[in-house]
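Taken in order, these protein sequences are the chains called L and A. Its first residue numbered 1, the first sequence is counted upward by one per residue in UniProt numbering. Its first residue numbered 1, the second sequence is counted upward by one per residue in UniProt numbering. Beta carbons are placed, not taken as given, at the ideal position from N, Cα and C, and that holds for glycine.
Protein chains: 2
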Amino acid sequence: MTRLPVPTLPAPPVGVVGLGQLGGSLAAALVAAGREVTGWDVDPAARDAAAARGVRIGRDLGGVVVLAVPLPAMAGALEGLGVDPAATVTDLGSVKTPVLAELGPALGGRYVGGHPMCGTERSGHAATDPGLFTGARWALCLEPGTELPRWLRVAEVALDAGAEVVPATAAEHDDAVAAVSHVPHLLAAALAAAAGEAGPLALALAAGSFRDGTRVVASDPAFVTGMVQGNAGPTTAALSRVLGQLARPWPELVAAGHAVRAAAPAGRRPVRVPLDRTALLALGRAGGAVTGRLAAFVEGHLPGPG
Amino acid sequence: MTRLPVPTLPAPPVGVVGLGQLGGSLAAALVAAGREVTGWDVDPAARDAAAARGVRIGRDLGGVVVLAVPLPAMAGALEGLGVDPAATVTDLGSVKTPVLAELGPALGGRYVGGHPMCGTERSGHAATDPGLFTGARWALCLEPGTELPRWLRVAEVALDAGAEVVPATAAEHDDAVAAVSHVPHLLAAALAAAAGEAGPLALALAAGSFRDGTRVVASDPAFVTGMVQGNAGPTTAALSRVLGQLARPWPELVAAGHAVRAAAPAGRRPVRVPLDRTALLALGRAGGAVTGRLAAFVEGHLPGPG
């Protein structure tokens, strides 16, 4: 990964709403990266934990405002807070089309949906880890109405946290995470439940393949249920693809699964991509990610909220 | 785990046929545990590697003879070797009913089927690891015709290698491993293949749940195909149970999977089990394992081949 020169315009402040595992980790990572971060959480203990990591605590937020709250709380997350009307607003929710539908009408081009592909089975501010985003992929949505300078400001936040930015539309994102996150949670649950039917002897003989295949069932069931139901259409479609694969003759199925793993390209090839929506989305569709940016591309041209 | 006093009768020698990852690791572990081990492999490089770990190389085998060869080679594994007609014969194959059907008629009560639940995606003598069996579960079959003193001699071999012995019938074993090993391999293949259909963006966003759920697709496809086809009936039944789970409403499915994980008992309770088939099988069915044995139970009573 090549981190390229930072832009010459000053980075805007960051406001983080919700200081649980994701928001608290992000705020701490950005403080460590030298960003000015203000955070807020309804829980005083979460505020205290963030303050101890150098996060300024307050309700007045501007620059890039990150909504790090559960999906059901997203619509009301800004209530009672003083948010700069010019601020760019992003979120960390695990589905993007529903959040876009909820926040888009009010925020318009100021809203940039995001989803960092990290987090653990743990949750809450006690699970805060400033290294949580290091090397993680962070999907960042580019809709037809997205203002590109705002998208770049959010991308910088993700890059400063140590992540790599994958450009995608909200719909593309939701289809992709259905295949690689939501359906895996359902398969893990089905595998564990079926092994439970098989009985204690089966569970006693469970070794690597079962432990790997069921690790995520340790996640909070309410969280997982909310996640798959919040992305019901794409998850149903992705599950159908899996069931279709399971109906193939086993030699074909096993070979097809192995081939996907074996075809994964070794290493990574640096590329320079023009800063336009079409080119960025093509990068994401090709399995690429943004790892930095050239100052020249934005020098003097960022009209963002910073 | 409480390792109890060893029996007062001398442990019989061990012969290991096939010195690849499993056989080579077992031979090395037993040498380290002070057992007298003779090994054989058709590959001179495998013989040399075993010899370097203190394994005597030869074709004359007695005591407990372990067939550590692939399933298709099992029936002919003893051809060309000089095996004591009183020897107890066991194997490490991943299915037990077909091997019992193959070896049982000729060997009768002298055959004790076994299956250590370990091994990695690697194979061959270069993947030898004397610690491979440490803490692993090792299923050991108790059929109506199994001679219990011979079963104990094989159990001692597994215990000496660092494993814990799970008593089961061959049919029970095959049903159990279908649920916790063979079906997980099929689900991992289906998940990987379906994500491949979803495309590079999906694979680029793949994080923990996908990596965990597809790790085993790195295994050799021919090995995996042989494994599931060699246990086709139980694997089909176990897969049907998984498909039945996947047809449930998602909140129910997620809760059921989580409950199996959450219900796993913390810790372990030492028990003493009489040395009879019914009691040992009950231990296995309850999810327990044999971790050692009292000398008194066998003192002077082992008519085995040692």
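Item	Value
Any chain A beta carbon closer than 9 angstroms to L:V271	no
The segment 122–139 of chain L in contact with the segment 76–86 of chain L per 3-pair CB rule at 8 angstroms	no
Residues in the segment 185–198 of chain A having any Cβ partner in chain L nearer than 9 angstroms	H185, L186, L187, A188, A189, A190, L191, A192, A193, A194, A195, G196, E197 and A198
Chain-ordered neighbours of A:C118 on chain L, where CB pairs are closer than 9 angstroms	A207 and G208
Cβ neighbours of A:E102 in the same chain (closer than 7 angstroms, five flanking residues each side left out)	M74 and A75
Extent of the continuous alpha helix (DSSP H) to which L:T97 belongs	T97 to L107
Best match in L:V180, L:A161, L:L243 and L:P184 for proximity to L:V16 [C-alpha to C-alpha]	L:A161
Closest Cα partner of A:A45 within the set A:L30, A:G62, A:G24 and A:M227	A:G24
Cα-Cα separation, A:P200 to L:K96	19 angstroms
Burial state of A:A202 (16 or more Cβ within 10 Å)	buried
Beta-carbon gap between A:D48 and A:L81 smaller than 9 angstroms	no
Contacting residues, own chain, Cβ-Cβ under 7 angstroms from L:A179 (five flanking each side not counted)	A238
Neighbour list for A:P221 in chain L, Cβ cutoff strictly below 7 angstroms	V254, A255 and H258
Beta-carbon separation (whole angstroms), A:P12 vs A:V64, contact threshold 8 angstroms	6 angstroms
Given 8 angstroms, three or more beta-carbon pairs between the segment 216–228 of chain A and the segment 268–278 of chain L	no
Residue closest to L:A286, alpha-carbon to alpha-carbon, out of L:L246, L:V224 and L:A168	L:A168
Span separating the alpha-carbon of A:D91 from that of A:L67	4 angstroms
Cβ of A:W40 within 9 angstroms of any chain L Cβ	no
Check whether A:L186 and A:D276 have beta carbons under 9 angstroms apart	no
Neighbourhood of L:A193 by C-beta distance below 7 angstroms, restricted to the same chain and skipping five residues each side	none
Span separating the alpha-carbon of L:A256 from that of A:G58	42 angstroms
Chain-ordered neighbours of L:W250 on chain A, where CB pairs are closer than 9 angstroms	L186, A189, V224, T225, V228, Q229, A232 and T235
Local Cβ density within 10 Å of A:A155, reported as buried at 16 or more and exposed below that	buried
Limits of the unbroken beta strand (DSSP E) element including L:P116	G114 to P116
Closest Cα partner of L:E143 within the set L:A289, L:G288, L:L283 and L:T278	L:T278
Where L:A68 sits in the DSSP three-state scheme	coil
Nearest candidate by alpha-carbon position, reference L:A198, set A:A50, A:R241, A:G39 and A:L283	A:R241
Cross-chain neighbours of L:R110 in chain A, by beta carbon under 7 angstroms	Going along chain A, no residue has its Cβ under 7 angstroms from L:R110, so there is no contact; the nearest lies around 25 angstroms.
Through-space distance from L:V177 to A:G213, alpha-carbon basis	14 angstroms
Terminal residues of the beta strand (DSSP E) in which A:R137 lies	R137 to C141
Cα-Cα separation between A:V42 and A:H115, rounded to whole angstroms	22 angstroms
4-residue-minimum alpha helix (DSSP H) runs that sit fully inside the segment 162–189 of chain A, ordered along the chain	170–177
Cross-chain neighbours of A:S181 in chain L, by beta carbon under 9 angstroms	L205, A206, A207, G208, S209 and F210
Beta-bridge pairing of A:L61 - partner residues as DSSP gives them	A:V83
Assumed close pair L:G109, L:R153 - CB separation to whole angstroms, cut-off 8 angstroms	About 12 angstroms; that fails the 8 angstroms criterion.
Spatial distance of L:V183 from A:S181 (CA atoms)	19 angstroms
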